[in-house]
Amino acid sequence: MDLIDIIETKKQGGELSKEQIRYFAMAAADENSLDYQLSALLMAIRLKGMTARETAMLSLEMANTGDVLVPNIDGITVDKHSTGGVGDTTSLALVPLVASCGGKVIKMSGRGLGHTGGTIDKLEAIPGMKVEIPEDIFINIVKEIGCCIVGQSKNLVPADKRLYALRDVTATVDSVPLIASSIMSKKLAGGADAIVLDVKFGSGALMKTVDESIELAKAMVDIGIKNGRETVAFITSMQEPLGSHVGNALEVKDAIDLLSGRTKGPLLEVSLILGEQMLILSKLADDENTARQMLLYALSSGRGLDKFKQMIRAQGGDDSVCDDVSLLPKAKLTHVVKANKNGYIHTVDTQRIGEASRMLGAGRRSKDDELDLAAGLIMHRRIGDKVNIGDSICTLYYNPGKDPVSAEEYILSAVNIDSEEVKAPRLVYAKITKRGTHIYED
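Residue numbers (this note's numbering): 3 to 444.
Quick look at the structure:
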């Protein structure tokens with residue numbers, strides 16, 4: 003067997019065998035294999051597609067090319083994954099909140115690139131916080147306190163690292179089987195028994211439409227189920243930043259505010275919806291209503307915030323930031339962006355909001371860029387809000403050396419103001435399970 007035969011099979015629209023898929027995954031992880039042959043196979047997959055069986059098998063075989071976590075933890079372990087966006091701070095609040103209700107949450111997260119933020123970068127805004135932790139210590143923390151968030155190990159799914167880089171330069175990024183297998187191979191390697199997926203759509207997301215995000219969610223749920231993991235996905239909006247805070251330390255503050263009961267609105271609502279499902283899959287609640295009451299009690303009693311403190315301490319961080327957010331990195335300069343016309347906010351180009359934050363130092367263009375953990379912005383208005391000329395739209399946070407004027411231009415070009423009233427967009431559009439797709443009605 004060789005890659006040429008596998009390329010030929012897929013080029014003709016054939017279905018790859020288990021042995022062919024395993025050979026492909028192993029070749030992707032082998033530095034001696036040829037980029038141009040792997041690229042040719044990626045293009046064949048992009049053009050001819052893959053069956054659900056092929057995609058599930060590719061995810062598992064890619065996971066098996068590196069470290070695979072096998073947690074020995076009492077109870078059902080659960081993980082949550084978002085396909086990425088702007089102001090998406092759910093993991094920081096949700097992981098300790100679910101753990102405070104008895105859940106066992108094991109989460110390996112990545113860093114941000116481009117306009118999207120990374121959970122690991124956000125955690126590193128907490129003084130002393132360690133995110134590179136050996137597997138045995140990681141598991142022990144979950145056993146002791148119920149949750150831990152760490153960076154992905156260097157040997158996690160090496161096949162995906164190779165294929166991801168090749169997809170970027172061969173115009174094969176927009177392939178649902180390749181996107182789904184890339185995401186789910188890392189979830190399978192992470193070892194959780196159950197997985198809750200938050201699949202975003204909109205101007206700040208990978209998938210721009212509801213239909214595209216449903217297609218991706220179906221593929222990922224199918225991969226999870228076929229590989230023995232209880233998996234549920236929600237389709238949620240990224241038509242504007244989910245939370246009001248965008249930037250690493252600012253998003254930690256937003257999570258602390260949520261756990262302290264100070265933050266309401268879309269960030270809280272999406273966190274509760276995802277958390278309900280995590281508790282149900284963990285067999286800790288029988289239905290959404292019971293799960294929501296558990297989560298709301300954890301918030302009102304302070305148990306969720308206490309669990310976040312425990313996790314921070316266990317990972318070497320200074321948990322006093324939960325009582326005094328001024329201990330987080332703080333930018334020296336601020337600049338208020340004001341509305342330049344009267345009307346209602348109709349649409350927001352969320353990607354441009356993320357790019358404005360990156361321009362201030364909160365994000366990366368390349369993986370080697372150094373972040374300013376204090377930089378970012380806070381949005382003061384959402385879609386549907388009425389504004390007048392001179393009203394504050396957002397506040398920029400930055401340090402000397404950055405240009406707030408360019409970032410302001412991005413914000414003003416991203417926020418579309420019109421004279422007609424408009425409703426705020428729905429937050430959650432669909433739920434995908436092994437039983438099918440449920441579309442939420444207005």
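Just so it is clear, CB atoms sit at the ideal spot from N, CA and C, and this is done for glycine as well.
Considering only residues of the same chain and omitting the five flanking positions on each side of residue i, which have a CB-CB separation below 8 Å?
i	result
residue 126	133, 250 and 375
residue 61	182, 183, 186, 187, 190, 225 and 229
residue 53	17
residue 212	203, 237, 431 and 432
Could you tell me if the beta carbon of residue i falls within a distance shorter than 7 Å of some heavy atom in the ligand COA?
i	result
residue 270	The model depicted lacks the ligand COA and carries no ligand whatsoever.
What are the boundary residues of the alpha helix (DSSP H) that residue i is part of?
i	result
residue 356	352-361
residue 143	137-147
residue 211	Unbroken run through residue 211: none, as it is neither H nor E.
If you measure between the beta carbons of residue i and residue j, is that distance less than 8 Å?
i	j	result
residue 27	residue 64	yes
residue 332	residue 402	no
residue 2	residue 98	Residue 2 is absent from the model: the chain starts at 3 and stops at 444.
residue 352	residue 221	no
residue 421	residue 363	no
residue 81	residue 192	yes
residue 159	residue 67	yes
residue 366	residue 114	yes
residue 435	residue 88	no
residue 96	residue 273	yes
residue 319	residue 130	yes
residue 282	residue 195	no
residue 128	residue 439	no
residue 22	residue 9	no
residue 339	residue 227	no
What first and last residue would you give for the beta strand (DSSP E) that runs through residue i?
i	result
residue 381	378-381
residue 398	394-400
residue 38	Looking at the DSSP string, residue 38 is not in any beta strand (DSSP E); the run it does join, the alpha helix (DSSP H), is 37-50.
residue 77	Premise fails: residue 77 is in no beta strand (DSSP E) and is neither H nor E.
residue 431	430-435
residue 184	From DSSP, residue 184 is part of no beta strand (DSSP E) but of the alpha helix (DSSP H) over 178-192.
Between residue i and the rest of its own chain, which residues show a CB-CB distance below 6 Å, the 5 nearest in sequence each way excluded?
i	result
residue 84	90 and 200
residue 418	348 and 349
residue 231	197
With a threshold of 16 other CB atoms inside 10 Å of the CB of residue i, please say whether the residue is buried or exposed.
i	result
residue 177	buried
residue 264	exposed
residue 295	exposed
residue 136	exposed
residue 415	exposed
residue 276	buried
residue 255	buried
residue 12	buried
residue 443	exposed
residue 373	buried
residue 49	exposed
residue 152	buried
residue 302	exposed
residue 368	exposed
residue 258	buried
Skipping 5 residues on each side, what residues in its chain have a beta carbon closer than 7 Å to that of residue i?
i	result
residue 336	397, 398 and 399
residue 425	386
residue 322	329
residue 280	80, 82, 100, 105 and 198
residue 122	111, 112, 113, 133 and 153
residue 218	178, 181, 182, 201 and 209
Inset, instruction - Check whether the segment 233-249 touches the segment 266-276, counting contact only when three or more Cβ pairs, one atom from each stretch, lie closer than 8 Å. - result: yes
Inset, instruction - Examine the Cβ distances between the segment 13-25 and the segment 136-155 and report whether three or more of them are shorter than 8 Å. - result: Contact between the segment 13-25 and the segment 136-155 is absent, because fewer than three Cβ pairs lie under 8 Å.
Inset, instruction - Take every Cβ of the segment 395-415, pair it with every Cβ of the segment 353-371, and state whether three or more of those distances are shorter than 8 Å. - result: yes
Legend entry - the segment 39-52 touching the segment 166-173, judged by at least three CB pairs closer than 8 Å: yes
Legend entry - the segment 297-314 / the segment 388-403 touching (three or more Cβ pairs under 8 Å): no
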